[in-house]
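Heads up: the sequence shown begins at 9 in my numbering, then just goes up one per residue.
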Amino acid sequence: MQLPLWTSVSTRSSWLSSCWKCGLSPVSLPCHPAGGSRPSRAEGYSIPTFSASGSMDSCLMVWHMKPQSRAYRFAGHKDAVTCVNFSPSGHLLASGSRDKTVRIWIPNVKGESTVFRAHTATVRSVHFCSDGQSLVTASDDKTVKVWSTHRQKFLFSLSQHINWVRCARFSPDGRLIVSASDDKTVKLWDKTSRECVHSYCEHGGFVTYVDFHPSGTCIAAASMDNTVKVWDVRTHRLLQHYQLHSAAVNALSFHPSGNYLLTASSDSTLKILDLMEGRLLYTLHGHQGPATTVAFSRTGEYFASGGSDEQVMVWKSNFDVVDYGEVIKVHRPPAPLATSGNLPEVDFPVPPGGGRSQESVQSQPQEPISMPQTLTSTLEHIVGQLDVLTQTVSILEQRLTLTEDKLKQCLENQQLIMQRTTP
């Protein structure tokens with residue numbers, strides 16, 4: 009497995025949620041309004057996807073991640089946008105907001121939307137069913153609601169949580185719904201009977217996020233108790249427990265192969281977990297404050313993260329083709345493992361370069377290697393490390409320039425204040 013590469017998109021907001029859409033043809037995107045933000049260039053590779061983000065500025069942004077491309081900016085919500093999700097076809101985009109509404113957008117230059125009203129408090133989560141016919145939402149009004157997207161109609165509520173519901177997701181087959189709440193529980197619902205099938209009560213803090221494994225047989229939940237837990241939805245048995253972050257875990261995302269889990273935390277890091285072996289692969293540093301959201305692209309080739317530092321970062325996963333290229337067609341659930349509280353990790357600054365992790369090298373059986381091959385491998389490793397250093401220096405230079413600009417602006421503002429206060 010190679011280390012993730014990255015690029016960033018600066019926004020004006022202080023909180024971000026994000027999701028991915030794949031498979032659409034490139035389109036011409038409108039300019040940002042004056043004073044707005046603009047996507048930075050993705051150096052070194054092209055990304056054939058779109059990423060959507062919502063933020064405290066009450067707007068949605070749909071980023072076309074190709075170099076020199078522009079972005080859509082959708083305005084309509086009256087308060088912060090807390091969540092976004094593309095439909096499976098990519099033709100619709102759902103958003104939830106503090107204004108208590110859900111909007112379904114057509115992500116084109118017109119930015120038309122339909123408003124759904126039924127919640128009586130902030131909407132924390134929106135998620136399309138795999139058939140695109142239904143939408144599930146979660147809210148601070150302690151309910152989970154299901155809607156018909158084509159009939160644009162509210163269908164029913166699920167109302168057994170006793171505190172804010174932060175997240176709700178459909179299972180891959182659309183038959184189950186899972187929800188996470190500040191009542192410290194994760195609830196599994198049968199969509200047809202509308203009954204709670206099981207409640208998972210092992211978390212010691214608010215449960216911030218939950219999602220189904222691509223196989224549909226497991227769920228993973230993130231919590232403010234700094235842990236991630238994985239359960240089997242058939243036996244309701246706890247399969248894996250990770251306590252790797254030093255602060256609340258805010259979001260997670262399964263790789264499409266089902267072999268990896270990505271997490272985002274208020275400790276400002278992202279972590280990539282190997283579910284098959286029950287170990288930590290990478291700790292990624294990039295955000296300067298809490299990382300609030302993460303999402304893999306539909307193919308798993310890229311993932312995006314958002315944070316309170318007003319940045320959307322897009323990463324190239326660089327997982328080896330042999331790791332998931334064939335497995336992606338057959339989803340395997342995580343193997344039952346013991347508690348993983350103190351797993352070894354590889355700690356990398358942003359942006360990492362190419363190469364393999366120390367753990368992944370050690371986990372492979374060693375074979376006799378001839379001297380020329382060893383020398384070649386050593387040289388390739390040195391070249392890879394030089395590439396990492398070059399990219400790191402480049403990033404440091406960019407950040408130094410930004411710091412100098414901010415300092416200059418502060419000095420100018422201070423001079424203006426002094427001039428105004430001088431009689």
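No residue lacks a Cβ here, since even glycine has one placed at the ideal position from N, Cα and C.
- When DSSP states are grouped into helix, strand and coil, Arg407 belongs to the helix group.
- Inter-residue distance for Glu388 and Asp395 is about 11 Å (C-alpha atoms, whole angstroms).
- Distance from the CA atom of Asn258 to the CA atom of Thr193, rounded to whole angstroms, is 15 Å.
- Looking only at Ser313, Trp239, Phe214 and Ser276, the smallest Cα-Cα distance to Asp233 is reached by Phe214.
- Per DSSP, Ile114 lies in no beta strand (DSSP E) segment and is marked neither H nor E.
- According to the DSSP assignment, Ser147 belongs to the beta strand (DSSP E) that extends over Ser142 to Ser147.
- Put simply, the backbone Cα of Cys226 is about 7 Å away from that of Val238.
- The three-state secondary structure of Gln248, taken from DSSP, is strand.
- Cβ-Cβ distances below 6 Å link Ile114 to Glu120 in the same chain, with the five nearest sequence neighbours on each side left out; the list follows chain order.
- Ser231 and Tyr80 have their C-alpha atoms some 32 Å from each other.
- In the DSSP annotation of this structure, the continuous segment of the beta strand (DSSP E) that includes Ser261 starts and ends at Val257 to Phe262.
- For the segment 144 to 227, the continuous beta strand (DSSP E) assignments of 3+ residues that do not extend past its boundaries occur at 152 to 156, 161 to 166, 173 to 178, 184 to 189, 194 to 198, 203 to 208 and 215 to 220, in sequence order.
- The beta carbon of Asp139 is closer than 8 Å to those of Pro96 and Gly182 in its chain, skipping five residues each way along the sequence.
- If you draw a straight line from the Cα of Met284 to the Cα of Gly266, it is about 9 Å long.
- When the five nearest sequence neighbours on each side are left out, the beta carbons in the same chain lying within less than 7 Å of the beta carbon of Ala129 are those of Lys108, Ser147, Asp148 and Asp149, in order along the chain.
- Comparing alpha carbon positions, the residue from Lys118, Val186, Asn116 and Thr271 closest to Phe136 is Val186.
- By the beta-carbon neighbour count (other beta carbons within 10 angstroms, threshold 16), Phe164 is exposed.
- Ala272 places its beta carbon 8 Å or farther from that of Leu281.
- Going by DSSP, Ser121 is part of the beta strand (DSSP E) stretching over Ser121 to Arg125.
- Within the DSSP secondary-structure output, Ala229 pairs in a beta bridge with Val218 and Lys237.
- Rounded to the nearest angstrom, the gap between the Cα atoms of Phe82 and Arg202 is 34 Å.
- For Cys67, the enclosing beta strand (DSSP E) has its first and last residue at Cys67 to His72.
- In this structure, Ser325 places its C-beta atom within 8 Å of the C-beta atom of Gly308.
- Going by DSSP, His295 is part of no beta strand (DSSP E) at all; its letter is neither H nor E.
- Under the 10 Å beta carbon count, His127 is surrounded by 16 or more other beta carbons and is classified as buried.
- A Cβ-Cβ separation of about 6 Å places Cys91 in contact with Arg132 under the 8 Å criterion.
- Distance from the CA atom of Arg159 to the CA atom of Ala229, rounded to whole angstroms, is 31 Å.
- Taking Phe304 as the centre and dropping the five residues before and after it, the same chain places the C-beta of Ser261, His263 and Phe311 closer than 6 Å to its C-beta, in chain order.
- Our two residues, Gly286 and Thr243, have alpha carbons roughly 19 Å apart in a direct line.
- Spatial neighbours of Asp191 in its own chain (CB-CB distance under 6 Å, excluding positions within 5 residues in sequence) are listed in chain order as His169, Ile170 and Asn171.
- Spanning the alpha carbons of Tyr208 and Lys195 requires a straight line of approximately 6 Å.
- Bounds of the beta strand (DSSP E) holding Ala102 are Leu101 to Ser105.
- DSSP links Phe327 through a beta bridge to no other residue.
- In terms of Cβ geometry, Gln296 and Asp275 do not form a close pair [threshold 8 Å].
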